[in-house]
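Residue numbers (full-length UniProt numbering): 1 to 242.
Just so it is clear, CB atoms sit at the ideal spot from N, CA and C, and this is done for glycine as well.
Structure, as structure tokens:
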Amino acid sequence: MVLIIIWEVASRNGWVAPYLLPAPSVVFEEVVGMAQDGELWGHISITLYRVFAGFLLGMVAATILGAATGYIRIVEKVLDPMLQALRAIPSLAWVPLFVLWIGIGEASKITLVAVGVFFPIYLNLTSGIQGVDRKLIEVGRMYHFTTLQQIRKIIFPAALPSFLVGVRSGLSLGWMFVVAAELLGASQGLGYLMVFGQNTSSPELVIGSIVLFAIFGKVSDEILKQIQMRTLRWQDSIENAS
Numbered sequence: 001m002v003l004i005i006i007w008e009v010a011s012r013n014g015w016v017a018p019y020l021l022p023a024p025s026v027v028f029e030e031v032v033g034m035a036q037d038g039e040l041w042g043h044i045s046i047t048l049y050r051v052f053a054g055f056l057l058g059m060v061a062a063t064i065l066g067a068a069t070g071y072i073r074i075v076e077k078v079l080d081p082m083l084q085a086l087r088a089i090p091s092l093a094w095v096p097l098f099v100l101w102i103g104i105g106e107a108s109k110i111t112l113v114a115v116g117v118f119f120p121i122y123l124n125l126t127s128g129i130q131g132v133d134r135k136l137i138e139v140g141r142m143y144h145f146t147t148l149q150q151i152r153k154i155i156f157p158a159a160l161p162s163f164l165v166g167v168r169s170g171l172s173l174g175w176m177f178v179v180a181a182e183l184l185g186a187s188q189g190l191g192y193l194m195v196f197g198q199n200t201s202s203p204e205l206v207i208g209s210i211v212l213f214a215i216f217g218k219v220s221d222e223i224l225k226q227i228q229m230r231t232l233r234w235q236d237s238i239e240n241a242s
């Protein structure tokens, strides 16, 4: 709040050029005006759709491949080196390839978001499974657990904290990747509004879009955090000590 007040005073008094950094009140008026016109809701809804469709697609793929890589040694040797190489590719490098393969429609944007979501979940799930204490596996064998029982009663609970951390990280990257998707070849969305504001010299529109990205990203992360806390309530941790 203090920073917002300082920002407002600095902009109003001309300490900062308004065409570079407009006052928060100007940004707020721009966002409210677009909301009242109904234009803003279309941009928000299409961005939310792209993020969560890509998030679900990436999470499902990461869960399947991460579980296979973490549990089956031969799959790790064959699959993991290739996925680690793909992980090093910058997000914008995927854009022309997806446009060439899939076109400039929604499918390419959702796929790009899914790529961003995939790798944090995959890495955390794989490391979570491979980090399961061997003594727990030995206990399961002593009780003659089947493979399915070992997965359900030992491996899944032990890897769940790492998986949920990966899910939160993946969603955060999903919001970053949707910006890259909407900066190129989009006619709707919050990322498109940022480009439109740049092209029309409207910094209040650019900053307003950034603020909306921050708000929706924080809200979605907070929802996942609450799910994580409730799911891991059984865990003996500092967070659950109270």
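With 16 other Cβ atoms within 10 Å as the buried cut-off, status of residue i
| i | result |
| --- | --- |
| residue 247 | A question about residue 247 goes unanswered here, because the residues of the chain that appear run from 1 up to 242. |
| Asn124 | buried |
| Trp94 | buried |
| Glu138 | exposed |
| Arg134 | exposed |
| Leu190 | buried |
| Thr111 | buried |
| Phe119 | buried |
| Glu182 | buried |
Host alpha helix (DSSP H) of residue i (start-end)
| i | result |
| --- | --- |
| Asn199 | 190 to 199 |
| Thr146 | Unbroken run through Thr146: none, as it is neither H nor E. |
| Val206 | 203 to 231 |
| Trp15 | Here Trp15 belongs to no alpha helix (DSSP H), and DSSP marks it neither H nor E. |
Which of helix, strand or coil DSSP assigns to residue i
| i | result |
| --- | --- |
| Gly70 | helix |
| Ser187 | coil |
| Leu173 | helix |
| Pro90 | coil |
| Ala107 | helix |
| Pro161 | helix |
| Gly33 | helix |
| Ala62 | helix |
| Pro120 | helix |
| Leu57 | helix |
| Asp133 | coil |
| Ile238 | Note that Ile238 scores a pLDDT of 48, beneath 50, so its modelled location is shaky and nothing firm can be said. |
| Gly128 | helix |
| Met1 | coil |
| Leu21 | coil |
| Gly166 | helix |
| Leu140 | Per the sequence shown, the amino acid found at residue 140 is Gly instead of Leu. The answer is helix: DSSP assigns Gly140 an H, G or I state. |
Spatial distance of residue i from residue j (CA atoms)
| i | j | result |
| --- | --- | --- |
| Gly38 | Ser209 | 15 Å |
| Val178 | Val99 | 14 Å |
| Arg230 | Ser11 | 44 Å |
| Gly54 | Arg141 | 39 Å |
| Ala88 | Ser25 | 41 Å |
| Met82 | Gln198 | 38 Å |
| Pro157 | Ser172 | 24 Å |
| Thr69 | Glu76 | 4 Å |
| Val117 | Met59 | 7 Å |
| Ile104 | Val219 | 29 Å |
| Val165 | Gly14 | 44 Å |
| Leu205 | Ala114 | 27 Å |
| Leu79 | Thr147 | 22 Å |
| Ser202 | Leu21 | 10 Å |
Supposed close pair residue i, residue j - CB separation, criterion 8 Å
| i | j | result |
| --- | --- | --- |
| Gly66 | Ile121 | 6 Å |
| Leu224 | Val167 | 6 Å |
| Phe145 | Trp175 | Phe145 to Trp175, Cβ: 40 Å. No contact. |
| Val169 | Gly128 | Looking at the sequence provided, one finds Ser at residue 169 rather than Val. Rounded, the Cβ-Cβ distance is 13 Å, inconsistent with contact. |
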